[in-house]
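Asks:
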Amino acid sequence: IIKPYGGILIWRCFVYNCTQDWRDYKTDRARAGYDNFIEMDGDYHENVILQIKNGPMDFQIREAVSPLLGGLRKTNQMLEVQIAQEYNFLKEYRKSIEVSMEGIENYDEKKTHVIFYNSLCVNVVERYLKLFQYEEALSYGRRFLADKRMICLAKGRLYAPLCAAAYKLDRYEECVEFTDLYLGIHEDYLNNREKYEMLGAGFMYGSMKEDDLYNSASFGTAANLILGNYKKAKEVFEYIDFEKKVLALD
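Take 439 as the starting number for the sequence shown in the numbering used here and just add one per residue.
#1: Around the Cβ of D459, are there at least 16 other Cβ atoms within 10 angstroms (buried) or fewer (exposed)?
#2: Under 6 Å Cβ to Cβ from R565, same chain only, skipping five residues before and after it: list those, please.
#3: Looking only at its chain, what residues have a beta carbon closer than 7 Å to the beta carbon of I446, apart from the 5 residues adjacent to it on each side?
#4: Relative to the alpha-carbon of G658, which residue among E632, P599, Y627, N630 has its alpha-carbon at the smallest distance?
#5: Would G471 be called buried (16 or more neighbouring beta carbons within 10 Å of its own) or exposed?
#6: Considering just the uninterrupted stretch of the beta strand (DSSP E) at K518, what are its terminal residues?
#7: DSSP on V453, reduced to helix/strand/coil?
#8: Is the CB of P599 under 8 Å away from at least one CB in chain D?
#9: Who are the near neighbours of V537 in its chain, counting only those whose CB is closer than 6 Å to its CB and skipping five residues on each side?
#10: To the nearest angstrom, how far is it from the Cα of L567 to the Cα of Y555?
#11: Between which two residues does the alpha helix (DSSP H) harbouring V503 extend?
#12: Where does L576 fall in DSSP's three states?
#13: May I ask which residues mark the beginning and end of the beta strand (DSSP E) holding L488?
#14: Which one of Y482, R467, F570, F452 has the shortest CA to CA distance from Q489?
#15: Tell me the DSSP secondary structure of I678 in three-state form.
#16: Please classify R461: is it buried, with 16 or more other beta-carbons within 10 angstroms of its beta-carbon, or exposed?
#17: Looking at the secondary structure, which residues open and close the alpha helix (DSSP H) in which H624 lies?
#18: Just to confirm the assignment, what range does the alpha helix (DSSP H) spanning D473 have?
#19: Do F475 and L507 have their C-beta atoms closer together than 8 Å?
#20: Can you find the residues in the same chain that come closer than 7 Å, C-beta to C-beta, to A604, ignoring five residues on each side of it along the sequence?
#21: I need the straight-line Cα distance from K586 to G541, nearest angstrom please.
#22: DSSP puts L447 in a beta bridge; with which residues?
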């Protein structure tokens, strides 16, 4: 239709099943673009160009190159890359820490609910972890844990990133300490859900989210193995069904 007018059709190849459950190993999102376009290699008109993302997932820093690049042999292609603050995050994380600390330092219990204060504390530690500033994450985490205003669920949200930070710094005893604390509060949560949800529905419910559990158990298992605590490592490892989950270790 558009070829007689010198038109060029550029078709973006970033496709996948957006309703996919990440626990479904049969659906491989990273190869979705490949599966959709590879069989049509050579069927496109000469004025058609397939625009392929450099990585098959979504501009992740450590992402592998899309298998379509090199897989398509008879089709016009163009590379899609993006340089944007949206995919850098470093500036946003630092700003998030700055704003959260301002809220923490100026907290007024008469004006702001304590759960919001707790959420700011958790945010600071999680952002430092994402910035790979593990010493800062541990320092602020321990400071917040000693704060009497921190409720039990918020502490659960702190134990998980602190476990990861300690492991990354080769401070395995501390990693085991935070793993034990996290699994303890997780077990109590499982037995007393109504109590916990009354304390902090919504945000604080996230303290028992699966990622925190798997990360804590993964790092805790590895730390115990390194320390020679084999029996303890086995106990932590068997706390959840690892056969159906992906370990959080590098």
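Just so you know, even glycine gets a beta-carbon here, dropped at the ideal spot from N, CA and C.
As the structure is a prediction and not an experimental result, all values here were calculated from the model.
Replies: For this structure:
#1: exposed
#2: Y531, S534, I535
#3: N485, I487
#4: P599
#5: buried
#6: According to the sequence displayed, residue 518 carries Glu and not Lys. Where E518 is concerned, the enclosing beta strand (DSSP E) stretches over 515-518.
#7: coil
#8: The structure shown has no chain D; it contains just one protein chain.
#9: none
#10: 19 Å
#11: Per DSSP, V503 belongs to no alpha helix (DSSP H) and is neither H nor E.
#12: helix
#13: 486-491
#14: F452
#15: coil
#16: exposed
#17: 610-629
#18: 470-475
#19: no
#20: L576, E612, C613, F616
#21: 17 Å
#22: V486
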